[in-house]
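Comments concern the structure below.
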Amino acid sequence: MCGTHAPLWITEPHPTRPNEIVQRTVCNHWDGSCCSFSSHTIHVKFCYGNYYVYKLREPSNCYLAYCAGIVPL
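So this is what it looks like as structure tokens:
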């Protein structure tokens with residue numbers, strides 16, 4: 235699971251309009267359970283040129299890490 239014991243991911247869709255910034259809830263996976271640790275929010279921006287910028291918060295403990303993948307637009 236992307237090199238960590240507890241991956242973090244956003245639970246809602248990415249923004250779809252260029253220059254749009256949205257707030258998204260981040261959840262986690264631990265020991266077969268979703269959202270075992272408290273969730274938090276991050277900001278995601280859809281930029282001109284079809285790419286995203288993420289304003290991430292530090293994970294709440296050392297076992298958590300953000301995971302990313304390439305998804306066609």
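Sequential numbering from 235 applies to the sequence shown in my numbering. Yeah, the Cβ is synthetic: ideal placement off N, Cα and C, and Gly gets one too.
What is the DSSP secondary structure of residue i, counted as helix, strand or coil?
| i | result |
| --- | --- |
| residue 249 | coil |
| residue 281 | strand |
| residue 274 | strand |
| residue 299 | strand |
Which whole-angstrom value is the C-beta distance of residue i and residue j, which I expect to be below 8 Å?
| i | j | result |
| --- | --- | --- |
| residue 287 | residue 296 | Wrong, their Cβ atoms sit about 25 Å apart, outside the cutoff. |
| residue 278 | residue 256 | 5 Å |
Look up residue i in the DSSP assignment and give the residues it is bridged to.
| i | result |
| --- | --- |
| residue 293 | Its beta-bridge partners do not exist; DSSP assigns none. |
| residue 178 | The structure shown does not extend to residue 178, since the chain is modelled only from 235 to 307, so the question has no answer here. |
Starting from residue i, trace the beta strand (DSSP E) both ways and give me its first and last residue.
| i | result |
| --- | --- |
| residue 263 | 254 to 264 |
Counting C-beta neighbours from all protein chains within 10 Å, is the total for residue i 16 or more, i.e. buried, or is it exposed?
| i | result |
| --- | --- |
| residue 284 | exposed |
| residue 263 | buried |
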